[in-house]
Every structure is written in C-alpha cells, then in structure tokens.
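Per the numbering used here, residue 151 is the first one in the sequence shown, and the count goes up by one each step.
Glycine included, C-beta positions come from ideal geometry on N, C-alpha and C.
Just so you know, these numbers come straight off a predicted model, no measurement behind them.
Everything on this sheet refers to the single structure shown next.
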Amino acid sequence: MDINADVIVAGAGPAGAIAAYELAVQGIRVLLLEKSVFPRYKVCGAGLTHKILREIPFDLSGIIETTIYDIRFSTHFKEVFHRTSATPMIYCTMREKFDAFLLEKAVSAGVKVLFGEPVTDVFQTNRFVEVQTRNGVFRSALLIGADGATSRISRKAGLHGNIMQGMAWEAEIKTDHASLKNFSQTVFLDWGTFPGGYGWVFPKNDHFSMGVGGPATLSKYMIPYYQRFLKYLETGNGIPDQGPTLRVLETISLKAWPIPVRMQKSVFHQGRILVTGDAGGLTDPLTGEGIYYAVRSGKLAAMACADYLQGRSGSLGKYSESVNQELMTELLEANRIKNLFNTVPRKIHHLVRDHNRVWMAFGKILRGERWYADVKNGFGRWKFLWNVSCLISKWISNHRERNYQKHEATEEG
Ligand SMILES: Cc1cc2nc3c(=O)[nH]c(=O)nc-3n(C[C@H](O)[C@H](O)[C@H](O)COP(=O)(O)OP(=O)(O)OC[C@H]3O[C@@H](n4cnc5c(N)ncnc54)[C@H](O)[C@@H]3O)c2cc1C
C-alpha cells in the first residue's frame, strides 16, 4: 500500500488546522481527516486572549465579533464591581467561523482535507503509521492527534494518563438590542461561588455566549449554578445600580463538553504519533482556556515533524520536551494559582477590586505580557513562602470540592 501523506493530522480544530498549515507551507504533504463536516458548531465560549494573536500568522479582524475592555466581577452573585482596561483583553468570535477560517488557510497552503472521516483505529510499524477511519485506511510517516477532548488517538497511543476531567456547559442566548449595545465590550465573570469553577458571559454580534464550568466531579451541580447565574444576569439580584440586567429572549442551545487538564509533565508522543491541544490535555485549569494551548502545541508539533522528516532530528522527543518546558510549566503554575484562589476566593475578589497592581497583573497575563510563572518569580528570595502556600491551598482546595459535594448532597436529601 502507498503512503498517502507525509503527515496525517486527525481533527480540524485550532490545533489540527495550525499544525497542518505550518507543515504544508514547508512543502510537506499533509492529509487532514476530520470527523464532522465544516462549518460545524463547537461548544465553546470562543474567547481569544490577546496572546493568541501573536501565534496566528493571519489577520483575524474579519472573524472577530466583539472586543473586550471591561470585566464585571461578582462572587456568589454579589459584591459586583467592574474593571476596565485601555487595551483589548479578549476577542470574541464563534468557533464555526474561527475554525473554518483557519482550515481555509491550511487548504490554501496545500493541505488535503477529508470531512466525515472519524479516525477509529491506529497502528504503527517502524516505517509508517496506519490510520483507519469509518471509510478507509490511510498511511503516513507521522500522525498528529488533534482530535480534541475525547481523543481516540491519545488513548490508542497510551498518552492519556495524568488527565483530570473538567466540564463546562455553554449556551447561546438570544437577547435584545439594548442589552447587546450596553454590554458589547463587557465580559461577566462570577467566581468563587462554584468550587474550582466559574460562570461567564461573552458578547457576540447578535447574542451572548454564556457558560459555567468546573471539575467534572461536580458536574451535576453545574446546571443549578447556571440557572442561578442566569437569574442574576436577568434581575441584577436586586442590587441597585450594580447588578447587570440582560434581557434573555431565548436559550438557543445548552450543551456540555469536557475540558481535559493535564496534571503533570508527561510524554506527548509515542513512536510516530504526537498529541496536541485538548487531545494532549493542554488546557488552563484556572480559566479553562484551551485555544491558545491548542495553537501553540499545534505549532510545536509541526516543528518537530518537519525536523524529523527533513532529517534534522532522529525522533519526536523534542516535541514532548518543548511542550513540558513551555506549556506544562505554565499550566502547572496555573493549577497552583487555581488552588490558591479556591482557598481564599473572596480575598482575591477584593484584591482585584481594590488594588490596581493586582488588576494590571491579571490583564497582563490575559494579554500574554506576563506568565503565571512570573507570579512565583515575583516572590524572589521568598519563593519558598509561595511554595508552602501553594501546598496548603492544594489540600484546602480539594477539601472544599469534596465538601461542596457533601453539602449539596445533604441539601438534596
Ligand atoms: C463550554 C466550553 C467553553 C470554552 N471556552 C473557551 C474559550 O472561551 N476560550 C478558549 O481558549 N478555550 C475555551 N474552551 C476550550 C476550547 O474549546 C478547547 O481547548 C479547544 O477547542 C481545543 O482545540 P483542539 O483543536 O485541541 O480540539 P477541538 O477544537 O475540540 O477540535 C477537535 C476536532 O477533532 C475532530 N474529531 C474528534 N474526534 C475525531 C476523530 N476520531 N477523527 C477525526 N476527527 C475527530 C472534531 O470534530 C473537532 O473538529 C472551552 C471549552 C468548553 C467545553
């Protein structure tokens, strides 16, 4: 049987599309196998942090619907305040547009795409990888698994360990003209209410995307939290001049999808197979942000494949090294900050409200001007204090999540 491509990429989300594009522009033959048919709806807030713009080599202005300068914070739907930034913090799009746009760039660079081709099985020999789909069998020198949170390739290659499952619900909310006009540059963020999670609203061209997320172990409590959040948004909780009032005309879809979070530095390749983005569990445990990490890991995977195919490297080991060094270092720090937040959520809510420096640091991290790791480095020779606080807060945070389950179970009983 002939080889169909130098590299097969499975999955045409941001990780797969960028990896495919980066390879094709170097003259490498790429076949992209995608389960669905594009454009397709994707459960996602589709908030792009400013740092993504640096990674994507195209002008995204045509697909960005709104730009966020303002965040309205609440905790337990109270203590509402808002903070603004002179520079954009988040760009909102819709995933069917964003993903189709990236894929179009990959196709223009020479990538061959087959839609409706879910990968069902994978085998590798010392010469090639064989990829089975519902409709056929394809061979290539290398395979990039970019098949998302439920990745079959990650499991087949034994690369799915050390992943903690998060979960998020998301809905598209039809609203009226006045609500859209009032909040076109505003994100609503309720945090510290749901342990290890939060609720958010992103404005889009003609509606709002709204969601809640947290650890999958608490998934059954998410819909009640979602409903309370929605009520708060509609009524402002009766707080004069503070609470938002969004008009909710219709909920178009309310769906859940996993958010896989890698908990340790790991191996992200096996033989001729690499996993990227959600398939690798590369999401931010604090915010649930995954698009940046999908794009970045897609680019690192493309770099490792090109080096291997063009004879600059004898294995794909460099890929795991760079993912661990660059992305996992950051994501593990995010997890420590998440634990700290879970331990003293109101304190952090107040710090963001009352201290410009804290708010500025928050903005700089969103924009990619600072990294989570800089928080620890900021402690200088007192770093050990930070490390001890993180250890204690890990214990408290786990305890809070377990207690929430018990508390809610008692309430239900
Ligand atoms: C409710 C919710 C809200 C979120 N909001 C945000 C946000 O605002 N900002 C942010 O940065 N991140 C957000 N995320 C995370 C973000 O959606 C993911 O991290 C991101 O989509 C990962 O990109 P990816 O390319 O790795 O995978 P995906 O985008 O999931 O793409 C995977 C692709 O693979 C295809 N596929 C699946 N299985 C197969 C198969 N067997 N064979 C072939 N193809 C296959 C799928 O059809 C899909 O097209 C959110 C997640 C959730 C659940």
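- Item | Near ligand 1: E320 beta-carbon under 7 Å from a heavy atom | For the purposes of this step, residue 320 is taken as residue 170 along the sequence shown, with counting starting at 1. Within the cutoff, so yes.
- Query: Just how far apart, CA to CA, sit E246 and R531?
  - Reply: Indexing the sequence shown from 1 puts residue 246 at position 96. Indexing the sequence shown from 1 puts residue 531 at position 381. E246 and R531: Cα-Cα distance of roughly 47 Å.
- DSSP three-state assignment for P353, whether helix, strand or coil: Working through the sequence shown from its first residue, we reach residue 353 at position 203. DSSP places P353 in strand when its eight states are reduced to three.
- Which two residues bound the contiguous alpha helix (DSSP H) that contains C455? Taking the first residue of the sequence shown as 1, we reach residue 455 at position 305. It spans 441 to 459 - the alpha helix (DSSP H) in which C455 sits, taken as one unbroken run.
- Query: Within 7 Å: the Cβ of V351 and any heavy atom of ligand 1?
  - Reply: Looking up residue 351 in the sequence shown gives position 201. No, ligand 1 has no heavy atom inside 7 Å of this Cβ.
- Query: Is the CB-CB distance between V272 and I423 below 8 Å?
  - Reply: For the purposes of this step, residue 272 is taken as residue 122 along the sequence shown, with counting starting at 1. For the purposes of this step, residue 423 is taken as residue 273 along the sequence shown, with counting starting at 1. Contact flag set, yes.
- Under the criterion of a Cβ to heavy atom distance below 7 Å, does D156 qualify as lining ligand 1? Reading the sequence shown from its first residue, position 6 is the one you call residue 156. Outside the cutoff, so no.
- With a CB to CB cut of under 7 Å and the five nearest residues on each side skipped, what residues in its chain are close to L466? By 1-based counting over the sequence shown, the position of residue 466 is 316. Counting only Cβ-Cβ distances below 7 Å, and skipping sequence neighbours, we find H419, L424, A454, Y458.
- May I ask which residues mark the beginning and end of the alpha helix (DSSP H) holding I105? As shown, the chain starts at 151 and ends at 563. That puts residue 105 outside it, with no answer to give.
- Task: Kindly indicate which residue of P408, G342, R397 has the alpha-carbon position closest to the one of S369.
- Result: What you label residue 369 is simply residue 219 of the sequence shown in a count that begins at 1. Checking every option, the nearest Cα to that of S369 belongs to P408.
- Task: Report yes or no: do the region 494 to 514 and the region 425 to 439 share at least 3 C-beta pairs separated by less than 8 Å?
- Result: no
- Do the region 437 to 455 and the region 161 to 174 touch if we need at least three Cβ pairs shorter than 8 Å? yes
- Message: With a threshold of 6 Å on Cβ separation, who are the neighbours of K262 within its own chain once the five nearest residues in sequence on each side are excluded?
- Response: As a working note, residue 262 is residue 112 in the sequence shown. Counting only Cβ-Cβ distances below 6 Å, and skipping sequence neighbours, we find L181.
- Apart from the five residues on each side of it in sequence, which residues of its chain come closer than 7 Å, Cβ to Cβ, to V187? Here the question's residue 187 lines up with position 37 in the sequence shown. So the qualifying residues of the chain are F265, G266.
- Query: Given a threshold of 16 other Cβ atoms within 10 Å of its Cβ, counted over all protein chains shown, does E400 qualify as buried or as exposed?
  - Reply: Indexing the sequence shown from 1 puts residue 400 at position 250. Under this definition E400 is an exposed residue.
- Message: Rounded to the nearest angstrom, what separates N537 and S329 at their Cα positions?
- Response: As a working mapping, residue 537 is identified with position 387 in the sequence shown. As a working mapping, residue 329 is identified with position 179 in the sequence shown. Rounded to the nearest angstrom, the two C-alpha atoms are 44 Å apart.
- Message: Is any non-hydrogen atom of ligand 1 found closer than 7 Å to the C-beta of K526, if you look at the structure I gave you?
- Response: Counting from 1 along the sequence shown, the entry for residue 526 is found at position 376. Answer for K526: no, Cβ out of range of ligand 1.
- Message: Let me confirm a value: N553 is counted as buried when at least 16 other C-beta atoms fall within 10 Å, else exposed. Which label applies?
- Response: As a position in the sequence shown, residue 553 is number 403, starting the count at 1. The residue is exposed, with fewer than 16 neighbouring Cβ atoms inside 10 Å.
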